[in-house]
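Okay, structure coming up:
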């Protein structure tokens with residue numbers, strides 16, 4: 001019984017803490033936040049609102065200055081930045097007057113005590129290190145503490161990650177070396193004319209050259225002993241793969257072609273023109289349409305292989321190969337949204353949406369569909385009155401507070 005009570009309490013806690021999706025919406029000028037119930041989380045007051053991919057913080061712009069807000073709409077990082085760019089591991093790059101500061105988007109705190117000219121390369125290591133530039137010199141700083149690794153600045157630096165720990169190849173005064181990024185201490189002294197990572201004795205090693213002499217070191221700076229390959233007395237044979245011609249697949253290259261026979265009569269054929277000729281597999285005839293246009297042919301789809309736009313009595317609809325009506329003739333136009341997963345309908349200068357399966361997601365009541373937003377599984381849409389918000393891809397519900405459906 002106690003176990004059952006505990007399980008119920010745990011499930012209730014999880015349900016209470018689960019985060020619901022928030023959606024930006026606009027009154028036509030400024031942006032606010034709402035939820036699936038269309039409650040006002042924060043009224044329109046921002047120039048723009050966007051969501052980071054790897055952080056719970058929400059990017060916002062107010063009076064042309066960047067900051068972040070929480071899911072309650074309250075300010076988390078003040079709006080004092082010219083731009084904020086998301087970095088890995090919940091970090092961000094804040095730009096101010098041409099300089100850059102490292103931010104923690106989760107704690108809302110400034111990580112780096114100093115501003116840098118650039119801050120870009122990330123080591124993807126436990127220490128969350130970055131290479132920063134200041135005064136033309138490269139330094140390595142921690143994304144956790146903001147502190148610099150070591151006291152030396154370099155002309156060039158780039159990370160080389162190892163399972164045993166991160167390293168950085170550095171250059172200063174025309175000489176190269178390798179440093180431990182945890183401490184900033186040199187592992188291979190900065191005294192070589194050339195340094196590169198290569199593959200030798202079945203493992204990565206560091207090849208260094210000074211005064212014309214080359215040697216091989218491991219990533220701790222120790223010499224790598226040469227391990228000669230065993231003599232077999234036989235020449236090494238490099239095996240190759242022959243080219244085997246596969247039998248032709250007649251389904252590959254099939255497509256739908258439309259022929260106008262005149263007097264509103266049309267011939268539809270499934271052909272393969274891939275080998276210079278034209279092999280016809282199926283022929284269909286449809287009648288009574290002033291225009292017939294192929295929108296899509298999907299040979300793999302046995303249920304709906306062809307999507308064909310037709311015009312009848314001045315109205316657009318969609319038919320199948322046998323002339324069966326898939327979408328009724330009630331629109332001024334139907335077109336495929338290029339690069340998107342829907343079809344756009346228009347009627348009386350308003351826009352609607354058909355799903356890929358041709359089910360009507362939204363009747364033509366929109367001004368336009370701005371874009372598809374995969375993070376929300378929704379489309380950003382604009383209404384005739386200028387309001388903007390997100391429309392659910394499954395239900396067609398528009399997440400704008402106060403609108404009538």
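Numbering (the numbering used here), first residue to last: 1 to 405. Heads up, the beta-carbon is just placed ideally off N, CA and C, and yes, glycines get one too.
Proximity below 8 Å, CB of residue i to CB of residue j
i, j, result
"residue 97", "residue 79", "no"
"residue 190", "residue 211", "no"
"residue 23", "residue 399", "yes"
"residue 166", "residue 196", "no"
"residue 91", "residue 143", "yes"
"residue 388", "residue 381", "yes"
"residue 110", "residue 100", "no"
"residue 205", "residue 198", "yes"
"residue 256", "residue 297", "yes"
"residue 187", "residue 220", "yes"
"residue 350", "residue 361", "no"
"residue 149", "residue 184", "yes"
"residue 346", "residue 328", "no"
"residue 342", "residue 334", "no"
"residue 435", "residue 47", "Residue 435 lies beyond the range of the chain shown here (1 to 405); nothing can be said about it."
"residue 263", "residue 28", "no"
"residue 65", "residue 81", "yes"
Residues near residue i by beta carbon distance below 6 Å, same chain, minus five either side
i, result
"residue 401", "34, 38, 40"
"residue 89", "128"
Per DSSP, cross-strand counterpart(s) of residue i
i, result
"residue 168", "159, 179"
"residue 287", "265"
"residue 393", "In DSSP, residue 393 forms no bridge with anything."
"residue 210", "213"
"residue 403", "According to DSSP, residue 403 bridges with nothing at all."
"residue 154", "138"
Segment limits, beta strand (DSSP E) that includes residue i
i, result
"residue 56", "From DSSP, residue 56 is part of no beta strand (DSSP E); its letter is neither H nor E."
"residue 213", "213-217"
"residue 255", "254-262"
"residue 48", "48-51"
"residue 128", "No beta strand (DSSP E) holds residue 128; DSSP gives it neither H nor E."
"residue 78", "75-81"
"residue 188", "186-192"
"residue 329", "325-331"
"residue 298", "Premise fails: residue 298 is in no beta strand (DSSP E) and is neither H nor E."
"residue 104", "99-104"
"residue 36", "Counting along the chain, residue 36 falls outside any beta strand (DSSP E), and DSSP gives it neither H nor E."
Cβ neighbours of residue i in the same chain (closer than 7 Å, five flanking residues each side left out)
i, result
"residue 8", "Low local confidence applies: a pLDDT of 39 at residue 8 is under 50, so the model's placement there is unreliable, and no value is given."
"residue 209", "192, 193, 194"
Nonlocal neighbours in the same chain, by C-beta distance under 8 Å from residue i, ignoring five residues either side
i, result
"residue 370", "379, 380, 381, 382, 388"
### Query
Is it a yes or a no for the stretch 128-141 touching the stretch 154-161, going by three-plus beta-carbon pairs under 8 Å?
Put simply, the stretch 128-141 touches the stretch 154-161. At least three CB pairs are less than 8 Å apart.
### Query
Touching or not, the stretch 284-291 and the stretch 260-271, by the rule of three or more beta carbon pairs under 8 Å?
yes
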